[in-house]
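One structure below.
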Amino acid sequence: MVYTLLLPGLIWLLLFAYLPMGGLSLAFKEYKANLGIWGSPWVGFENFKYVFRDPAFLDALWRTLYINIIKLVIQFPFPILLALMLNELRMKRGKKVFQTVLTFPHFLSWIIVSGVVINVLAYDGLVNSTLTLLGLPTINFLGSESTFVPMLLLTDIWKSTGWGAIIYLAAISGIDQDQFESAQIDGASRMQQVFRITLPNIMPTITVMFILSVGGLMSSGFDQIFNLANAATKNVSEVLDVYIYRITFQSSTDFSFSTAVSLFRSLVNMILLLAADRVAKMLGGDGLFR
Amino acid sequence: MSKKTARRSAFRREKMTALDYILFVILLGIALLILIPFWNVIMISFSTPKEYADNPFMLFPKNPTLASYKALFMDGSILMGYWNTFKLLIVGLPLSLFLTSSMAYGLSRSKFPGKRIIFFLVLFTMIFNGGIVPLYLIMKSLHLTGTLWSVIFAGSFSAFNMILMMNYFYSLPESLMESARLDGAGEWRIMFSVVLPLAAPIMATITLFYGVAYWNSWYDAMIFLRKAEQLPLQNVLRTIIVESTTNASNASSVSAVGKQAFSTGMKMAAVFVTMVPIMCFFPLLQKHFAKGVLTGAIKT
Numbered sequence: 000m001v002y003t004l005l006l007p008g009l010i011w012l013l014l015f016a017y018l019p020m021g022g023l024s025l026a027f028k029e030y031k032a033n034l035g036i037w038g039s040p041w042v043g044f045e046n047f048k049y050v051f052r053d054p055a056f057l058d059a060l061w062r063t064l065y066i067n068i069i070k071l072v073i074q075f076p077f078p079i080l081l082a083l084m085l086n087e088l089r090m091k092r093g094k095k096v097f098q099t100v101l102t103f104p105h106f107l108s109w110i111i112v113s114g115v116v117i118n119v120l121a122y123d124g125l126v127n128s129t130l131t132l133l134g135l136p137t138i139n140f141l142g143s144e145s146t147f148v149p150m151l152l153l154t155d156i157w158k159s160t161g162w163g164a165i166i167y168l169a170a171i172s173g174i175d176q177d178q179f180e181s182a183q184i185d186g187a188s189r190m191q192q193v194f195r196i197t198l199p200n201i202m203p204t205i206t207v208m209f210i211l212s213v214g215g216l217m218s219s220g221f222d223q224i225f226n227l228a229n230a231a232t233k234n235v236s237e238v239l240d241v242y243i244y245r246i247t248f249q250s251s252t253d254f255s256f257s258t259a260v261s262l263f264r265s266l267v268n269m270i271l272l273l274a275a276d277r278v279a280k281m282l283g284g285d286g287l288f289r
Numbered sequence: 000m001s002k003k004t005a006r007r008s009a010f011r012r013e014k015m016t017a018l019d020y021i022l023f024v025i026l027l028g029i030a031l032l033i034l035i036p037f038w039n040v041i042m043i044s045f046s047t048p049k050e051y052a053d054n055p056f057m058l059f060p061k062n063p064t065l066a067s068y069k070a071l072f073m074d075g076s077i078l079m080g081y082w083n084t085f086k087l088l089i090v091g092l093p094l095s096l097f098l099t100s101s102m103a104y105g106l107s108r109s110k111f112p113g114k115r116i117i118f119f120l121v122l123f124t125m126i127f128n129g130g131i132v133p134l135y136l137i138m139k140s141l142h143l144t145g146t147l148w149s150v151i152f153a154g155s156f157s158a159f160n161m162i163l164m165m166n167y168f169y170s171l172p173e174s175l176m177e178s179a180r181l182d183g184a185g186e187w188r189i190m191f192s193v194v195l196p197l198a199a200p201i202m203a204t205i206t207l208f209y210g211v212a213y214w215n216s217w218y219d220a221m222i223f224l225r226k227a228e229q230l231p232l233q234n235v236l237r238t239i240i241v242e243s244t245t246n247a248s249n250a251s252s253v254s255a256v257g258k259q260a261f262s263t264g265m266k267m268a269a270v271f272v273t274m275v276p277i278m279c280f281f282p283l284l285q286k287h288f289a290k291g292v293l294t295g296a297i298k299t
């Protein structure tokens, strides 16, 4: 029986995926610890009234969008640029070594990376020491509100660009080589080939990746922000997921309220993802699902 | 020597132009930007606090010392973290592989009633989830919070990995399983003795995926576990680095030495010690993860 094969997986899905989804009903209840999720009394949309009146929630919501849109606009071209550069390098071994080095940070947790980052960006760390040596003013990367978002950008670019380039490199390697050969015969320079052949050919991949990033606008890079924020930056670092964590596990524990926020976040996330998927497919890409 | 000449001839064959040299220099610069911070971390962990304070650009410590490592291991929390992460992997990996491969094989079988619905149930978890609050309450009501099981269960199944594996099983010839079925073997028997022996490549890939996920996981442990001695390695590292750097505006890499429980050298040693297994497995990881991204991320 094929169903017995599915049973272990289904039990897992039920317990740790679908029961929690059912637990989202808490958003419409008033949580009473002694009654649990399922026994607590219904209160309709009561919780949501408070959610949308909470200035901290609204702040977190806008901050999430703000940070992610900035990341999307500034960070997005980097992997493409890197892929083009790696592809143009006519040195097989060098290419491989560079790719290896550049993808390495992707495999480390943000905790490890923040350890590295805090060390290098500290006021007497490597970067600021270099700035001093060059006679430039030092920058308080980690402890000031104005540098927080640029610092997030910088560190995320550092960590993820190399990995992000892989998908574009794969797209480039799929381009029909005849196009380059005939361009060479016609005397096209390498720059011309990059802009007239390589880029147009990977445009579909670029479009899909861009749309998928739009679909992720609400998932806010919690790991990075949570591990790089500190007391000095707490006013500019509370994105939606950090806010949910704080109201759930640090300040007063009103589980109904935080579940309402959670539900809102998950719903918007899903809608964004599905919309992104639809648009990607409309433009002829593969989308998220086949 | 022979290596060098080989490289030189490779240069000549591919005809380096000015553009190639410029590209090479730019890429070398980028690679150094990635490497130098790691190098800095590692060298600080092997040097005395004074030496680094005197010269932040130190490339090699003049008097390399293991003092930071000694102090770190004397403190013991890192070893405790290693042990907990080890338990996580030893129990979590087989469980993950069991859950994932049985479901993937089941769903790769030819049409049966309910197949589409079950596949949809798996897929749906990729775009929607209950979030941390209900999961926490359910873990609590199952009496799993405060035990490593909560962390194991929370991470033991991934829809993405399941789909990757399912696609691999689809590519196996149906006739193999059919003949085993004619010999009277049940589905489980077929899975273990026919399918899985043929699935070594995908099993390796998925093992690495889960392995890295378990190794790097910390959020579930932060939520579900209470006692410090239960925490996995990443959480211990977080305690050492992030939480002891209470205020980064006056956080420094050197001057605070002695004021905090963990010196900078110890912190950097902790970073290095947590990073080492990833570094060791890296060539393997890179290969398998790239494969996973290319077959999965866009096309599943």
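Which chain is which? The protein sequence lines are A and B, in order.
At position 261 of the first sequence the residue is numbered 260 (numbering that gives the first Met the number 0), and the sequence of numbers has no breaks.
At position 172 of the second sequence the residue is numbered 171 (numbering that gives the first Met the number 0), and the sequence of numbers has no breaks.
Ideal placement from N, C-alpha and C gives every residue a C-beta, glycine not left out.
- Looking at the backbone, the Cα of B/Arg115 and that of B/Tyr169 are separated by about 15 angstroms.
- DSSP places B/His287 in the uninterrupted alpha helix (DSSP H) bounded by Thr263 to Gly291.
- When DSSP states are grouped into helix, strand and coil, B/Trp217 belongs to the coil group.
- Counting along the chain, the unbroken alpha helix (DSSP H) around B/Asp53 starts and ends at Pro48 to Asp53.
- When A/Ile69, A/Leu272, A/Phe254 and A/Val193 are compared, the shortest CA-CA separation from A/Asn33 is found for A/Phe254.
- Under the three-state reduction of DSSP, A/Lys28 is assigned to strand.
- For B/Tyr104, the nearest CB of chain A lies under 8 angstroms from its own CB, placing it at the interface with that chain.
- By the neighbour-count definition (other C-beta atoms within 10 Å, threshold 16), B/Gly183 is an exposed residue.
- Chain-ordered, the chain B residues with CB closer than 8 angstroms to the CB of A/Thr247 read Ile131, Val132 and Tyr135.
- When Cβ-Cβ separations below 8 angstroms define contact, B/Ile240 makes contact with chain A.
- When C-alpha distances from A/Ser24 are compared across A/Leu262, A/Lys280, A/Ala274 and A/Met281, the shortest belongs to A/Leu262.
- B/Leu195 places its beta carbon less than 8 angstroms from that of B/Ser100.
- The beta-carbon distance between B/Tyr167 and B/Ala198, rounded to whole angstroms, is 6 angstroms. This is short enough to meet the 8 angstroms contact definition.
- Taking 8 angstroms as the threshold, the shortest C-beta distance from A/Phe15 to chain B falls below it.
- Contact annotation: in the stretch 222 to 241 of chain B, residues whose CB is within less than 7 angstroms of a CB in chain A are Ile222, Gln233, Leu236, Arg237, Ile240 and Val241.
- Around the beta carbon of B/Ala260, fewer than 16 other beta carbons lie within 10 angstroms, which makes this residue exposed.
- A/Trp41 is bridged by DSSP to A/Lys28.
- Between the stretch 107 to 123 of chain A and the stretch 135 to 152 of chain A there are three or more inter-stretch CB-CB distances shorter than 8 angstroms, so the stretches are counted as touching.
- With respect to the 8 angstroms criterion, A/Lys70 and A/Leu12 are not classified as neighbours on the basis of their beta carbons.
- Here the alpha carbons of A/Ser265 and A/Leu282 stand approximately 26 angstroms from one another.
- Here the stretch 53 to 63 of chain B does not lie against the stretch 144 to 154 of chain B, with fewer than 3 beta-carbon pairs under 8 angstroms apart.
- The beta-carbon distance between B/Gly80 and B/Asn215, rounded to whole angstroms, is 13 angstroms. This is too long to meet the 8 angstroms contact definition.
- Within the same chain, Cβ atoms closer than 7 angstroms to the Cβ of A/Asn234 are found at Glu144, the five residues on either side in sequence being excluded.
- By the 16-neighbour rule on beta-carbons within 10 angstroms, A/Trp61 is exposed.
- Inclusion of A/Gly214 and A/Leu168 in the CB contact set at 8 angstroms is not warranted, their separation being larger than that value.
- Residue contact check for A/Met90 against chain B: a CB pair falls below 8 angstroms.
- Nearest to B/Met265 by C-alpha distance, out of B/Pro93, B/Leu26, B/Gly75 and B/Asp53, is B/Gly75.
- The alpha-carbon of B/Glu50 is positioned some 28 angstroms away from that of A/Asn226.
- Counting C-beta atoms within 10 angstroms of its own C-beta, A/Leu132 has fewer than 16 neighbours from the protein chains shown and is therefore classed as exposed.
- Around the C-beta of A/Lys48, fewer than 16 other C-beta atoms lie within 10 Å, and the residue is accordingly described as exposed.
- About 15 angstroms separates the CB atoms of B/Leu87 and B/Leu207; that is not less than 8 angstroms, and the two are not in contact.
- Beyond the five residues adjoining it in sequence on each side, B/Met164 comes within less than 7 angstroms, by CB distance, of Thr99, Ser100, Ala103, Ile201 and Ile205 in the same chain, given in chain order.
- Nearest neighbour of B/Ala70 by Cα position, chosen from B/Ile21, B/Phe45 and B/Asn83, turns out to be B/Phe45.
- Counting other Cβ atoms within 10 Å of its Cβ, A/Thr154 reaches 16 or more and is therefore classed as buried.
- For A/Glu87, the number of other beta carbons within 10 angstroms of its own is at least 16, and it is reported as buried.
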